[in-house]
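Here the structure comes first, spelled out in structure tokens, and everything after it is commentary.
In our numbering, the protein residues as written are 3 to 160.
Right under this line is the structure:
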């Protein structure tokens with residue numbers, strides 16, 4: 003193979019990310035931040051988990067599996083290196099497995115237990131804003147939109 007073909011071949015290869023799972027979390031949720039801080043300590047700088055704060059005004063859905071802010075606020079999501087999206091309890095299961103603590107969520111792999119865990123997580127997700135004494139999702143989205151617009155009405159999209 004010629005040098006030009008080798009360079010062309012190399013330029014088409016995309017390096018796989020170092021992280022094994024990318025967690026999309028709400029950095030304005032105090033309970034979410036407790037979990038993220040715990041997981042960051044368990045990751046111990048290895049970079050196995052990429053942590054992405056969806057509340058950051060620079061959050062970009064295109065870089066995060068196409069998950070927009072409103073969707074990410076409704077349920078926890080994660081992105082795998084191949085672009086696959088996971089959500090709900092599966093996110094926790096995968097992150098804990100990645101960090102060597104898979105035994106914590108292993109029981110949720112059983113169909114009945116998994117269904118119950120997903121059901122309970124759904125209740126938590128639907129009520130987490132009220133439980134953490136935050137405005138409802140509609141208000142949070144309106145406030146975010148207002149922050150992202152300039153005085154002339156031009157808005158950045160997330």
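Glycine included, C-beta positions come from ideal geometry on N, C-alpha and C.
Here the structure is a predicted model, which is why all the values come from computation and not from measurement.
- In terms of residue numbering, what span does the beta strand (DSSP E) encompassing residue 55 cover? 51-55
Could you name each continuous beta strand (DSSP E) segment of 3 residues or more that falls completely within the stretch 13-80, going from the start of the chain to the end?
23-27 and 51-55
Item checked: residue 133: first and last residue of the uninterrupted alpha helix (DSSP H) it sits in -> Unbroken alpha helix (DSSP H) run through residue 133: 113-133.
(request) Rounded to whole angstroms, what's the CA-CA distance from residue 118 to residue 126? Just pull it up for me. (result) 12 Å
| Apart from the five residues on each side of it in sequence, which residues of its chain come closer than 6 Å, Cβ to Cβ, to residue 20? | 49
For residue 88, which residues does DSSP report across the bridge? Note: residue 88 sits in a beta bridge opposite 80.
In angstroms, rounded to a whole number, what distance separates the CA positions of residue 86 and residue 67? 7 Å
Leaving out the 5 sequence neighbours to the left and right, which residues in its chain are closer than 8 Å to residue 55 when beta-carbon positions are compared? 27, 28, 29 and 61
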